[in-house]
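Inspection log for the structure reproduced underneath, given as structure tokens.
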Amino acid sequence: AQKITQTQPGMFVQEKEAVTLDCTYDTSDPSYGLFWYKQPSSGEMIFLIYQGSYDQQNATEGRYSLNFQKARKSANLVISASQLGDSAMYFCAMREDTGFQKLVFGTGTRLLVSP
Amino acid sequence: EAGVTQSPTHLIKTRGQQATLRCSPISGHTSVYWYQQALGLGLQFLLWYDEGEERNRGNFPPRFSGRQFPNYSSELNVNALELEDSALYLCASSLELREIQETQYFGPGTRLLVL
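Going line by line, the protein sequences match chains A and B.
The first sequence begins at 1 in the numbering used here and counts up by one.
The second sequence begins at 1001 in the numbering used here and counts up by one.
Okay, structure coming up:
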């Protein structure tokens, strides 16, 4: 069964610094996708970045990059040049090729960016 | 382009009542997903609708049901409400390409409180 683990309940970072949010996963399916979402206090889940299991390069989207280490089954999110508006919950999620479209989420990491 | 919309934003019910939550997907999206985010339980997959049919459901009792209309909007019904049904209910939509990288885009959610 697919499983996502986020071991950092909370992280603190100063404005303009980089921060890494950890995510490890477990699956027996060779084909899968990994997603990161941001959830501000308003509740809406905002899609940030995607990494496919067969992608050769790490995904990047603006200030977001994904450090994908397939052998270690990790997909850490790196946020560069943190901004106050980055303060939110961050969720790592996975979908297996045979997973009937459902996303399985980790427990999330709360990021607080200080001035 | 409008994102996923959900109504109502907040809903207060008493135990034993029925709740109806509504979701309109992004224009052009035909798949709709429902997730429950309860305190302490994280995000759990509830239901997936595609082309008007239920394609997959999570580990929830039958009193959680729904439907998808010809315009691809969806309704989630929760019968015989219990206190533990109090949660944020998130709706997501995607294209129906059924590919690993197909992103699910979320709405702002409906906060259901059962008293």
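Ideal placement from N, C-alpha and C gives every residue a C-beta, glycine not left out.
It should be emphasised that the depicted structure is a prediction, and the values quoted were computed from it without experimental measurement.
With a threshold of 8 Å between beta-carbons, can residue i be considered close to chain A, or not?
i: Pro1025 (chain B); result: no
i: Gly1058 (chain B); result: yes
i: Trp1048 (chain B); result: yes
i: Gln1101 (chain B); result: yes
i: Gly1028 (chain B); result: no
i: Ser1031 (chain B); result: yes
i: Gly1052 (chain B); result: no
Out of the options, which has the shortest C-alpha to C-alpha gap to residue i?
i: Gly85 (chain A); options: A:Arg110, A:Tyr32 and A:Thr7; result: A:Arg110
i: Cys23 (chain A); options: A:Tyr32, A:Glu44, A:Ala59 and A:Gln69; result: A:Gln69
i: Thr1014 (chain B); options: B:Ala1080, B:Leu1088, B:Arg1111 and B:Gly1107; result: B:Ala1080
i: Ala18 (chain A); options: A:Gly108, A:Trp36 and A:Val78; result: A:Val78
i: Glu1099 (chain B); options: A:Glu15, A:Gly33, A:Thr5 and A:Leu48; result: A:Gly33
i: Ile49 (chain A); options: A:Gly108, A:Phe91 and A:Gln6; result: A:Phe91
i: Gly43 (chain A); options: B:Arg1055, B:Leu1088, B:Gln1068 and B:His1029; result: B:Leu1088
i: Ser82 (chain A); options: A:Arg63, A:Gln57, A:Asn58 and A:Phe35; result: A:Arg63
i: Ala88 (chain A); options: A:Ser114, A:Gln2, A:Asn67 and A:Glu61; result: A:Ser114
i: Trp36 (chain A); options: A:Val13, A:Asp97, A:Ser74 and A:Leu112; result: A:Ser74
i: Thr1110 (chain B); options: B:Arg1022, B:Gly1058, B:Leu1047 and B:Glu1102; result: B:Arg1022
i: Glu96 (chain A); options: A:Arg72, A:Ala71, A:Tyr54 and A:Leu66; result: A:Tyr54
i: Phe47 (chain A); options: B:Leu1112, B:Ser1093 and B:Val1114; result: B:Ser1093
i: Ala1019 (chain B); options: B:Glu1096, B:Gly1028 and B:Ser1086; result: B:Ser1086
i: Tyr1072 (chain B); options: B:Glu1084, B:Gly1058, B:Cys1091 and B:Asn1059; result: B:Cys1091
Name the chain A residues that come within less than 8 Å of residue i, Cβ to Cβ?
i: Gln1017 (chain B); result: Near Gln1017 (chain B) there are no residues of chain A at all, since even the closest Cβ is about 23 Å away, more than 8 Å.
i: Gly1066 (chain B); result: Those within 8 Å of Gly1066 (chain B) in chain A number zero; the least Cβ separation is about 15 Å.
i: Phe1045 (chain B); result: Lys102, Leu103 and Val104
i: Arg1022 (chain B); result: Here the premise fails: no neighbours, minimum Cβ distance about 16 Å.
In the DSSP assignment, find the unbroken beta strand (DSSP E) run with residue i in it and report its ends.
i: Gln25 (chain A); result: First, the residue type needs correcting, since residue 25 (chain A) is Tyr and not Gln in the sequence shown. Taken as a continuous stretch (DSSP letters only), the beta strand (DSSP E) holding Tyr25 (chain A) covers Thr24 to Asp26.
i: Ile4 (chain A); result: Lys3 to Thr5
i: Ala93 (chain A); result: Ala88 to Glu96
i: Ile46 (chain A); result: Ile46 to Gly52
i: Asn67 (chain A); result: Tyr64 to Gln69
i: Asn1056 (chain B); result: Glu1053 to Arg1057
i: Val1114 (chain B); result: Thr1110 to Val1114
i: Asp1050 (chain B); result: Gly1042 to Asp1050
i: His1029 (chain B); result: Note, His1029 (chain B): premise wrong, no beta strand (DSSP E); not H, not E.
i: Gln1006 (chain B); result: Thr1005 to Ser1007
i: Gln140 (chain A); result: The first residue shown for chain A is 1 and the last is 115, placing residue 140 (chain A) beyond what the model contains.
i: Glu1075 (chain B); result: Ser1074 to Val1078
i: Arg1015 (chain B); result: Note, Arg1015 (chain B): premise wrong, no beta strand (DSSP E); not H, not E.
i: Leu77 (chain A); result: Ser74 to Ile79
i: Ala1087 (chain B); result: Ala1087 to Ser1094
i: Ser114 (chain A); result: Thr109 to Ser114
Using a C-beta cutoff of 8 Å, does residue i count as contacting chain B?
i: Tyr50 (chain A); result: yes
i: Ser42 (chain A); result: yes
i: Gly10 (chain A); result: no
I want to verify the contact list: residues of chain B whose CB lies under 7 Å from the CB of residue i, in sequence order.
i: Met45 (chain A); result: Leu1090 and Phe1106
i: Asp107 (chain A); result: What sits at residue 107 (chain A) in the sequence shown is Thr, not Asp. Under the 7 Å cutoff, chain B gives Gly1042.
What does residue i touch in chain B if you count any residue whose Cβ is under 8 Å from its own?
i: Phe91 (chain A); result: Leu1043
Give me the chain A residues within the contact set of residue i, using Cβ-Cβ distance strictly less than 9 Å, ordered along the chain.
i: Arg1055 (chain B); result: Phe100 and Gln101
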